[in-house]
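Here's the structure, in structure tokens; my notes come after.
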């Protein structure tokens with residue numbers, strides 16, 4: 140599991156935030172070499188944690204589905220609105236990284252896919268809080284197997300459930316958010332694809348200024364406490 144813990148004690152936004160910390164799980168969407176995967180593709184997150192998706196060059200989405208109907212927005216098969224980032228086109232020469240950030244509101248599994256082309260069928264899927272202890276058949280590998288058989292790959296109808304921003308490598312940011320939670324962070328670097336693994340390595344920590352601007356921290360704080 141890859142995540143970053145941001146200390147909020149430097150912000151003068153009330154005693155409730157003075158000693159608070161926000162855990163942000165960073166997920167890379169695609170890679171510089173065009174691979175179709177989320178990195179990592181299987182994470183564990185607590186209620187109140189943030190998950191920030193950072194989009195590599197291409198045009199990907201983060202779209203929520205049910206387990207039983209991969210490659211289709213969850214709203215098409217349930218009364219849940221779910222999350223949908225919209226398409227995030229990024230050129231290879233871009234100096235900024237689009238981000239889409241959500242707050243985890245429950246420990247139940249969240250099944251996600253990319254709704255571009257045949258990306259979902261080709262394995263661009265992931266899960267937050269997989270729970271094979273409750274049901275061994277509802278695993279990421281089984282979800283991917285169902286996705287491979289899907290005859291459709293549908294996007295959502297409107298961006299929902301999170302906040303979109305654009306970040307630079309210096310921690311600056313721009314853009315506006317809708318829905319819950321924002322926490323833009325710095326641009327990931329490198330030209331080779333990271334490995335999409337179902338079990339992550341130890342946590343790494345960075346200074347808040349290295350990962351996001353003051354505005355991003357303030358937005359995270361508002362999402363958690365207002």
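Residue numbers (this note's numbering): 140 to 365.
For glycine and all other residues, C-beta sits at the position ideal for the given N, C-alpha and C.
As the structure is a computational prediction, the values presented were derived from the model and not from experiment.
Annotation: residue 217 to residue 205 spans about 8 Å, alpha carbon to alpha carbon. For the 8 Å CB-CB criterion, residue 192 and residue 166 form a contact. For residue 283, the uninterrupted alpha helix (DSSP H) run begins and ends at 279 to 287, by DSSP.
Scanning the segment 200 to 275 for uninterrupted beta strand (DSSP E) segments of 3 residues or longer gives 202 to 204, 227 to 229, 235 to 242, 249 to 252 and 264 to 267, listed from N- to C-terminal end. Rounded to whole angstroms, the Cβ separation of residue 180 and residue 285 is 15 Å, and the two are not in contact under 8 Å. Under DSSP, residue 168 forms a beta bridge with 177 and 194. If you check the CB distance, residue 264 and residue 227 do not come in under 8 Å. Residue 163 sits in a strand when the DSSP states are folded into three classes.
Residue 299 carries a strand assignment under DSSP once its states are collapsed to helix, strand and coil. The alpha carbon of residue 244 has as its nearest neighbour, out of 235, 222, 176 and 252, the alpha carbon of 222. In terms of Cα proximity to residue 239, the closest of 162, 160, 270 and 168 is 168. Taking C-alpha positions only, residue 298 is separated from residue 225 by approximately 5 Å. If you compare the alpha carbons of 251, 275 and 220 with that of residue 177, the shortest gap goes to 251. DSSP links residue 292 through a beta bridge to no other residue.
Counting other Cβ atoms within 10 Å of its Cβ, residue 187 stays below 16 and is therefore classed as exposed. Looking only at 249, 197 and 259, the smallest Cα-Cα distance to residue 232 is reached by 197. Between residue 247 and residue 268, the beta carbon gap of about 7 Å places them in contact (Cβ cut-off 8 Å).
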